[in-house]
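Note that the working numbering gives residue 55 to position 33 of the sequence shown, counting from 1, and the numbers run on in steps of one.
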Amino acid sequence: VNYWRGGSFYGAGPSATTYVRGVREKNWSNTQLYCTQLESGSRAIASREVLAPLARAGETAAFGLRMTVGWPFEQFRRVTGYDLPG
């Protein structure tokens with residue numbers, strides 16, 4: 023639910039995604055490569071993306087639509103800094 027509301031989250035394991043402070047990181051999906059990276063002391067990150075605030079607001083709006091309670095405008099504004107047209 024935190025993910026759908028635009029909050030930060032950590033992912034663990036192959037193919038997992040983390041999103042913290044505007045940066046999304048995706049772990050390697052290949053389990054062997056993932057484990058090799060960890061065993062060598064490296065982080066097993068396959069990709070890293072810094073999301074622009076407007077792009078993140080768009081994702082947050084889209085994922086928020088999956089919630090049965092919808093998106094209260096004030097909550098969306100507080101999380102993203104953008105207004106939803108009402």
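All C-beta atoms in this analysis are idealised placements derived from N, C-alpha and C, irrespective of residue type, glycine included. The model shown is predicted, which means the values in this text are computed figures rather than measured ones.
In this chain, the beta strand (DSSP E) harbouring alanine 68 covers 67–72. By the neighbour-count criterion, in which a residue is buried when 16 or more other Cβ atoms sit within 10 angstroms of its Cβ, tyrosine 32 is exposed. Thr39 is the residue among Gln54, Thr39 and Thr53 whose C-alpha sits nearest the C-alpha of glutamate 47. Non-local beta-carbon contacts of serine 30 in its own chain, meaning distances under 8 Å to residues more than five positions away in sequence, involve Asn24, Tyr41, Val42 and Arg43 in chain order. Contact between alanine 34 and tryptophan 50 fails: their C-beta atoms lie close to 13 Å from each other, not under 8 Å.
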